[in-house]
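Written below as structure tokens is the structure these notes are about.
2 protein chains.
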Amino acid sequence: HRFYGESKPFGNDSYKSADTLGYLTSTQALADFAVLITSLKQNLSAVDAPVVVFGGSYGGMLASWFRLKYPHVAMGALASSAPILQFDDITPWSSFYDAVSQDFKSESLNCFSVIKAVWDVLDYRGSNDSGLLELSKTFRACKTVRFPSSLSNWLWTAFTYTAMVDYPTPANFMMNLPAYPVKEMCKIIDSFPVGADVVEKAFTAASLYYNYTGDQKCFEMEGGDDPHGLSGWGWQACTEMVMPMTVSNESMFPPSGFSYEEKSEGCFASYEVRPRMNWITTEYGGHKIDKVLKRFGSNIIFSNGMRDPWSRGGVLKNISSSIIALVTEKGAHHLDFRSATKDDPDWVVEQRRQEVEIIHGWIDQYNKDIAQM
Amino acid sequence: HRFYGESKPFGNDSYKSADTLGYLTSTQALADFAVLITSLKQNLSAVDAPVVVFGGSYGGMLASWFRLKYPHVAMGALASSAPILQFDDITPWSSFYDAVSQDFKSESLNCFSVIKAVWDVLDYRGSNDSGLLELSKTFRACKTVRFPSSLSNWLWTAFTYTAMVDYPTPANFMMNLPAYPVKEMCKIIDSFPVGADVVEKAFTAASLYYNYTGDQKCFEMEGGDDPHGLSGWGWQACTEMVMPMTVSNESMFPPSGFSYEEKSEGCFASYEVRPRMNWITTEYGGHKIDKVLKRFGSNIIFSNGMRDPWSRGGVLKNISSSIIALVTEKGAHHLDFRSATKDDPDWVVEQRRQEVEIIHGWIDQYNKDIAQM
């Protein structure tokens with residue numbers, strides 16, 4: 001994908017401004033894939049070889065969109081944890097954080113309540129310098145933090161990402177984590193003695209995310225580099241990939257709204273561009289997707305795990321006999337795409353088996369069609 | 001369609017160079033339609049209204065591609081005389097001019113032979129100034145022509161376009177013409193006495209195309225304006241819409257080949273761009289279209305008349321139960337899209353009836369699906 005990983009079309013200037021970033025769009029990325037695959041098939045003397053595209057998360061969106069836009073290049077797609085319905089007003093804006101909260105609530109109501117309570121406490125204690133100094137010590141910050149929001153964000157990231165990667169086996173996707181890390185976080189919170197400090201509880205739980213291996217002496221809470229090479233995403237979110245998200249009063253996070261105007265102002269300040277708020281659904285659809293694709297398109301698997309908060313913006317019901325939703329109750333963010341381990345629960349093994357079986361079916365049919373020529 | 005008709009995104013500078021023409025692509029045009037239709041539906045409070053797109057010729061290609069790329073915006077397409085298979089090597093490169101020739105041959109072998117013979121005679125007689133002066137008189141040129149190729153092109157245009165618009169009723173699409181103008185041209189040629197001059201015959205036949213109404217005192221054979229506002233097409237043909245065409249020895253035209261290198265050089269000379277020779281099939285498909293669309297896509301009618309030489313690059317066989325080819329033996333270039341007249345033969349009336357019936361079926365099904373929600 002242009003502008004991600006090693007792909008820097010304008011070298012170190014690639015992310016400088018709209019002049020260079022203008023070449024970063026999902027549409028262009030899909031066209032790149034079409035050119036690449038077509039060219040590979042020709043160069044490998046495999047013009048008739050069936051191609052199935054795979055992707056997870058944003059890559060899952062791209063996989064499903066690629067199948068829809070380039071059916072002559074890819075005869076099938078497996079889109080894992082692809083929140084293609086997280087645009088416009090198709091999925092309720094509060095779904096994501098409600099789902100994160102539900103993940104914690106399902107482990108322990110106390111765990112949920114502690115996290116829900118911590119934000120106000122942080123703001124209150126962090127409202128003066130001595131409080132911030134004290135909190136910096138509690139959080140083992142490498143440098144005294146300047147804004148209480150840095151601490152909130154640090155916790156917020158830990159809880160949100162842990163919900164996403166709530167895998168049933170030890171994993172190292174975003175961070176090194178044990179099996180079912182949400183359950184482990186809640187165990188930490190619940191094992192504190194009665195009357196223990198809510199901030200202490202939240203910090204210790206969040207440390208599971210940042211420091212499960214125990215090798216961090218202190219934490220960088222302000223500044224620091226982008227560890228995931230996502231410089232391009234900010235641009236995409238400010239041009240086409242506008243996913244409105246709010247935090248409801250029922251969640252465990254501090255409530256917040258979403259304003260198209262604010263989003264637009266922020267994007268203009270960052271890049272001197274304005275987002276095209278409804279572009280993704282104009283270009284790729286999404287509204288009434290079941291009706292639209294009921295008789296249009298074929299050969300797409302949408303896989304989702306319900307522990308993954310992104311699943312709420314995914315396709316969770318079969319649309320046709322070959323546009324299929326595979327849902328696992330305990331699955332997390334594109335769990336099916338992780339390497340198999342000896343500890344994988346049966347339902348993951350079964351999900352992967354189904355995916356292979358369905359794709360085999362597509363390929364068999366494809367080969368039959370080609371043989372008829 | 002941007003850059004056609006009244007649409008000049010950069011005013012009079014629109015066609016100046018690649019800087020401005022770079023915004024003219026079929027992909028961008030389709031995206032424009034998607035934005036326009038989506039916006040219209042919202043503004044007219046008709047978000048759920050079923051939309052069917054119609055187009056003929058290049059517009060027919062766009063209609064079918066729009067249905068394939070934007071199934072969530074248009075639920076069906078009627079693509080009339082859409083030569084979406086006239087790219088790469090899908091359709092034999094000589095098909096178009098073979099088909100034009102066949103149209104004339106089917107009326108009269110003598111007619112075909114006269115036209116086939118005229119080109120060499122023109123070149124021979126036009127090879128010196130006195131010959132060109134003589135020919136200019138024969139052709140009633142407003143100004144003495146400078147190149148014999150101008151005369152050949154003038155004839156070439158007349159025969160080719162007349163084959164395209166060989167309508168069963170009097171029409172005024174490119175030019176004012178009687179019913180079945182190919183037959184009329186051949187009648188003119190065949191009614192000359194034995195031994196009459198081949199150039200005189202060809203000129204008189206071609207005059208049917210240029211001067212059926214009889215009001216032209218002389219003909220502009222060199223220079224002159226583009227009468228059809230097609231300034232954008234040259235650009236598109238030099239970037240994406242590369243349709244390789246040759247003239248075979250079996251046709252009635254002077255044989256010629258097609259060279260990607262020459263095409264590329266010509267485009268570089270005109271616009272300082274090089275064509276992307278296989279882009280259309282990469283972006284929209286075309287190879288093995290029957291296999292690809294057999295289970296992908298729905299609700300497209302491809303209509304073609306076999307008198308139209310473009311039909312050879314069209315979809316002439318049903319692909320699935322809802323991707324349907326309607327073929328009329330005597331039809332010409334998007335005849336179905338012309339206004340009904342009292343003289344329309346039964347088979348045109350029947351073709352249009354079928355189109356309406358099929359589209360009604362799509363809409364009925366669409367409304368049933370929407371009602372289920």
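Chains as they are written, first to last, in full-length UniProt numbering: chain A, 1 to 373; chain B, 1 to 373.
C-beta: ideal position from N, C-alpha, C; glycine also.
Predicted model only: the values in this text are computed from it and were never measured.
Item	Value
CB contact below 9 Å: glutamate 240/A versus chain B	no
Inter-residue spacing [alpha-carbon to alpha-carbon] between alanine 82/A and phenylalanine 302/A	7 Å
Positions along the segment 107-130 of chain B whose CB lies within less than 9 Å of some CB in chain A	none
Contact test: serine 94/B Cβ vs the ligand ZN heavy atom, cutoff 8 Å	No copy of the ligand ZN appears in this structure; indeed no ligand is present at all.
Below-9 Å beta-carbon distance, leucine 316/B vs any chain A residue	no
Own chain, CB closer than 8 Å to serine 127/B, minus 5 neighbours either side, in chain order	Pro148
Continuous beta strand (DSSP E) stretch holding serine 256/B: start and end	No beta strand (DSSP E) holds serine 256/B; DSSP gives it neither H nor E.
Under 7 Å by beta carbon: chain B residues contacting aspartate 369/A	Lys291, Lys294
Proximal residues of chain A, C-beta to C-beta of lysine 69/B below 8 Å	Lys69
Under 9 Å from the C-beta of histidine 287/B: neighbouring residues of chain A	Val47, His72
8 Å contact criterion, which tyrosine 70/B and alanine 34/B should meet: CB distance rounded	5 Å
Opening and closing residue of the alpha helix (DSSP H) in which glycine 76/A lies	Unbroken run through glycine 76/A is the beta strand (DSSP E), 76-80; no alpha helix (DSSP H).
Continuous alpha helix (DSSP H) stretch holding threonine 281/B: start and end	279-284
Min CB distance glutamine 86/A to chain B below 9 Å	no
Exposed unless 16 or more other CB atoms sit within 10 angstroms - verdict on proline 255/A	exposed
Neighbour flag for glycine 297/B against chain A, beta carbons, 9 Å	yes
Distance between alanine 269/A and methionine 75/B (C-alpha atoms, nearest Å)	39 Å
Under 7 Å by beta carbon: chain B residues contacting valine 35/A	Thr282
Sequence-distant residues of the same chain with beta carbon closer than 7 Å to tryptophan 279/B, five excluded per side	Glu240
Closest Cα partner of aspartate 369/A within the set Val292/B, Val114/B, Leu177/B	Val292/B
Strand pairing of phenylalanine 87/A, partner residues [DSSP]	Partner(s): none; phenylalanine 87/A has no beta bridge.
Nearest residue (CA-CA) to isoleucine 323/A, options Ile359/A, Phe104/A, Trp154/A, Gln28/A	Ile359/A
Asparagine 211/A to isoleucine 115/A span [Cα, whole Å]	19 Å
Minimum Cβ-Cβ distance from methionine 61/B to chain A less than 9 Å	no
9 Å Cβ cutoff, asparagine 278/B in contact with chain A	yes
Helix, strand or coil at phenylalanine 302/B [DSSP, three-state]	strand
Where threonine 91/A falls, given that 16 or more other Cβ within 10 Å makes a residue buried	buried
Three-state secondary structure (DSSP) of alanine 179/A	coil
Nearest residue (CA-CA) to glutamine 333/B, options Phe159/B, Met243/B, Val165/B	In the sequence under discussion, the amino acid at residue 333/B is histidine, which differs from the glutamine named in the question. Checking every option, the nearest Cα to that of histidine 333/B belongs to Val165/B.
C-alpha gap between glutamine 102/B and asparagine 12/A, whole angstroms	60 Å
Local conformation of valine 73/A per DSSP, three classes	coil
Exposure label - tyrosine 209/A; buried when at least 16 CB within 10 Å	buried
contact_flag[the segment 311-330 of chain B, the segment 152-159 of chain B] where n(CB pairs < 8 Å) is 3 or more	no
Residue-level contact to chain B via CB, glutamine 365/A, 9 Å cutoff	yes
CA nearest to the CA of valine 247/B, picked from Ala99/B, Thr25/B, Pro181/B, Thr341/B	Ala99/B
C-beta atoms of methionine 252/B and phenylalanine 104/B nearer than 9 Å	yes
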